[in-house]
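Chains as they are written, first to last, in my numbering: chain A, 263 to 492; chain B, 263 to 492; chain C, 263 to 492; chain D, 263 to 492. Inspection log for the structure reproduced underneath, given as structure tokens.
4 protein chains.
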Amino acid sequence: MDFLPKGRLDAFADGVFAIVITLLVLDLSIPQVFENLMPALFQQWSVFLAYIISFAFVGSVWITHSSITALMKQETPRSYRLTLLMLFFVSLIPFTTKLMSFYLSHPPMIPDFHGMDLLSMVETVNAIARSALTAPVTIYGLDLLFTSVTMNAIMKSAIRTPDMLISEAAKNELSALQRRQQYGVIIIIGTLICGFILPMIAVFGYIIVSILFFITPTIHIAKETLRKNS
Amino acid sequence: MDFLPKGRLDAFADGVFAIVITLLVLDLSIPQVFENLMPALFQQWSVFLAYIISFAFVGSVWITHSSITALMKQETPRSYRLTLLMLFFVSLIPFTTKLMSFYLSHPPMIPDFHGMDLLSMVETVNAIARSALTAPVTIYGLDLLFTSVTMNAIMKSAIRTPDMLISEAAKNELSALQRRQQYGVIIIIGTLICGFILPMIAVFGYIIVSILFFITPTIHIAKETLRKNS
Amino acid sequence: MDFLPKGRLDAFADGVFAIVITLLVLDLSIPQVFENLMPALFQQWSVFLAYIISFAFVGSVWITHSSITALMKQETPRSYRLTLLMLFFVSLIPFTTKLMSFYLSHPPMIPDFHGMDLLSMVETVNAIARSALTAPVTIYGLDLLFTSVTMNAIMKSAIRTPDMLISEAAKNELSALQRRQQYGVIIIIGTLICGFILPMIAVFGYIIVSILFFITPTIHIAKETLRKNS
Amino acid sequence: MDFLPKGRLDAFADGVFAIVITLLVLDLSIPQVFENLMPALFQQWSVFLAYIISFAFVGSVWITHSSITALMKQETPRSYRLTLLMLFFVSLIPFTTKLMSFYLSHPPMIPDFHGMDLLSMVETVNAIARSALTAPVTIYGLDLLFTSVTMNAIMKSAIRTPDMLISEAAKNELSALQRRQQYGVIIIIGTLICGFILPMIAVFGYIIVSILFFITPTIHIAKETLRKNS
């Protein structure tokens, strides 16, 4: 078994993560209006939303990958290739997020809700969402799925290959992490299926998860400040 | 308490800083004129100005972040997430700077100053600046504020979490840095409020601070050269 | 003989590799259609194909380079310059791949195959491919060739320069790697010549090799899962 | 005197160098022609030339910077700022190179040389070059000058500040490097002045130097191969 250095895999992965996470910032553009800047900026909401979602998901993949490599002492040609495969799917996240966000903000038509009861309204909205959002939501979900599956494969491979981990304790820790991550894979598959029937739910699921990821540290800070002051 | 490696957070942050600091260089374009290149280049002054301001502020955030992590020996999942949040606001600096610089160089109208006394002129300029610049200056200021506040949260979190810092001396040093940085937060809040009433003052405040940041090392060199030669 | 640090060469190379490998993701664009998203996405197949091929080849160059520097303990000004030269050719891979993929997806004309026998059809297709693809396939092949030749020169230089490698064993390992890599150079030269006579074969050769590179880890995983379950 | 870690300065600088060196690859575009690809590619020669010159100069600055930091053991807030200032001028190299290359390939008018003697022809060409090239060549030269001067300031500062270098021997080595680099500064100033009178000479000076930088390792290899085979 040949071994490859850990440092270069980390540095390369960090470079790719850094580029991918900032990619969508290039899409933010200056509105060429000289009055009423705020409404013009708000019209770009789908671009901002895509940036936040993409930043949050790429960020969480980066944290997971850092947690894994923290337990390793060396890499193999195979772990290098699995990481490349994982990074390939990560590098598509800005694109698939933009796709989903674009179709969310450009509904094909706004129906006439006049005289409808609540159930018919929900059904109508869902029918429109299904025709317009199923494809982008599924593409987005598949991208997340492939990212998670390759990440899981990196963990499994590290657990099975002798001499890759720093210690026996690290093996147990990584096994626990890998089992937990498998639940994540199952949740993504569930959301994928849900996206076929109720695409709006799937979209909002992704949005809420990503915003929660962002807000969590802020909530922690607020809590601590409160505890400290009381 | 789980710990995460310091090296990857540094490498990722350095990658994001490097990308963000060079982003606005993409906006410099070749004027398609074959005579009088210099005036055509000077017409792009707002793009150059945005690049200098953005470079200076991102650079100073990078130095601050380096000073902080120099005192740490390891990181936590929480410090990873706080750093991601901070980098999110940093990654918006080129955009918010461009927004401010664009509206500074595209005033909505040039009034007729003929026959005005000085006070009326100042008032007229400020009224125009207020209508055109208040929104972009406030967005820019909020971005700086969120960057500073999350940076402060990173420091506070490192001070409170046991075993994150390299030594007890580092704790005192970081506490001093954090208190000093809190004054920075207060100054940004002050400039933000000032931006509502006198937006021109706020804008020039930001420009002067960023240019000072750039010129300081040059002044040091000049001084040393003088001292050496005398 | 002056020596230069290994760390900076690795970090810089990883940065360039990370940028180059993600370059073509910028070419993926959102189709501006509100119905039938899937066919609109499939029309972009040449862009996706270019991204996959480019990602796979840059990835494999990165793995080779990591394998080489893993055996070194320090660098010289000359190895720095050879690495720069190699990275120059690597940085052109996204462009040359795009060029090949573009002309593959935009054949100059679709002939009337009506009433042709099989041999004439093959000959006609090849004649068209030759006129349209020979130039881009040759440019692509030359880029791969120069990348391989400079990589080989980096290995040779490291073998000959005293005190660059970590041990005598590393010298033998690198010599073996260098000889194996020379066969790669010969294969590329062969494909280059083939590209003049049968450009379609050369193109599909490149595509198959790059897709194989990507699929290999997945096949490994599938095999392991089967072995584990049986 | 506060010290800052060397690792982060190196990583950040390497990130910026990696981005800046690959920036102009974004300017290479696929010619949208379906016949005669080669002439269409050759029409872009000024873009390719700008890429090669820019790659070569940024590469040589990177090697110089690596040679300097190889002699240091720690950094100061001041060396961080000087490095930022140097990287600012480096980040403008792709733009200033493109500017020079664009005006070189777009002469304002081609005069009628019919019936002119040699001296008049040279004078006419120089007069045209002066009107079209003086501004871009001077801007390019100033960018190189500021890069060299800030690089020199980094070296001087490291020599004077106690405890920044790894050893006393490193101090002598860096002093020698700094003196040699001062000659480079003088040569750039000379070329700058020459650019006012004979801009064509200055342009070709820059092009030859940058191409030599690229070809040198290849010549070394050829020489070695010859020596080995004879």
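The C-beta atom is built at its ideal place from N, Cα and C for all residues, glycine as well. Note that this is a predicted model, so its numbers are computed, not measured.
Residue burial classification, residue i (beta-carbon count within 10 angstroms, cutoff 16)
| i | result |
| --- | --- |
| residue 336 of chain A | buried |
| residue 274 of chain A | buried |
| residue 301 of chain A | exposed |
| residue 438 of chain D | exposed |
| residue 477 of chain A | exposed |
| residue 379 of chain A | exposed |
| residue 376 of chain B | exposed |
| residue 346 of chain A | buried |
| residue 263 of chain C | Because the pLDDT at residue 263 of chain C is just 49, under 50, the model does not fix this residue reliably, and the value given afterwards should be weighed accordingly. That one is exposed. |
| residue 320 of chain D | buried |
| residue 254 of chain B | Because chain B in this structure spans residues 263 to 492, residue 254 of chain B falls outside the shown range and cannot be described. |
| residue 384 of chain D | exposed |
| residue 381 of chain A | exposed |
| residue 450 of chain C | buried |
Residue(s) in a DSSP beta bridge with residue i
| i | result |
| --- | --- |
| residue 427 of chain D | D:334 |
| residue 266 of chain B | B:337 |
Contacting residues, own chain, Cβ-Cβ under 6 Å from residue i (five flanking each side not counted)
| i | result |
| --- | --- |
| residue 317 of chain C | 283 |
| residue 425 of chain D | none |
| residue 353 of chain C | 282 |
| residue 279 of chain A | 324 |
| residue 360 of chain C | 312 |
| residue 373 of chain A | 386 |
| residue 473 of chain A | none |
| residue 440 of chain B | 417 |
Residue closest to residue i, alpha-carbon to alpha-carbon, out of the options
| i | options | result |
| --- | --- | --- |
| residue 444 of chain C | C:344, C:265, C:416 and C:471 | C:416 |
| residue 364 of chain C | C:307, C:451, C:342 and C:392 | C:307 |
| residue 405 of chain A | A:271, A:267, A:357 and A:418 | A:357 |
| residue 329 of chain D | D:432, D:489, D:472 and D:460 | D:432 |
| residue 459 of chain A | A:429, A:394, A:265 and A:298 | A:394 |
| residue 367 of chain B | B:291, B:411 and B:310 | B:310 |
| residue 465 of chain C | C:419, C:399 and C:446 | C:399 |
| residue 266 of chain D | D:341, D:292 and D:449 | D:341 |
| residue 295 of chain C | C:276, C:304 and C:462 | C:304 |
| residue 456 of chain D | D:391, D:383 and D:430 | D:391 |
| residue 421 of chain D | D:489, D:370, D:384 and D:338 | D:338 |
| residue 461 of chain D | D:276, D:401 and D:286 | D:401 |
| residue 371 of chain D | B:326, B:440, B:297 and B:370 | B:297 |
| residue 442 of chain D | D:285, D:326 and D:289 | D:326 |
| residue 403 of chain B | B:423, B:440, B:430 and B:463 | B:463 |
| residue 397 of chain A | A:430, A:277 and A:362 | A:362 |
Own chain partners of residue i with C-beta closer than 7 Å, once the 5 adjacent residues on each side are dropped
| i | result |
| --- | --- |
| residue 525 of chain D | Examination of residue 525 of chain D is not possible in this model, given that chain D is present from 263 through 492 alone. |
| residue 467 of chain C | 453 |
| residue 344 of chain A | 412, 415, 416 and 419 |
| residue 272 of chain C | 331 |
| residue 369 of chain B | 390 and 394 |
Beta-carbon proximity list for residue i, same chain, < 8 Å, skipping 5 on both sides
| i | result |
| --- | --- |
| residue 409 of chain B | 323, 348, 351, 352 and 355 |
| residue 389 of chain C | none |
| residue 269 of chain D | none |
| residue 447 of chain D | 407, 410, 411 and 414 |
| residue 428 of chain A | 333, 334 and 335 |
| residue 469 of chain B | 311 and 315 |
| residue 290 of chain D | 306, 309, 310 and 313 |
beta-carbon residue i near the ligand MG non-hydrogen atom, thresh 7 Å
| i | result |
| --- | --- |
| residue 293 of chain B | Only the bare structure without any ligand can be found here, which leaves the ligand MG out of the picture. |
Discussion item. I'd like the ranges of any alpha helix (DSSP H) spanning at least 4 consecutive residues and lying wholly in the region 368-434 of chain D.
Written reply: 380-422
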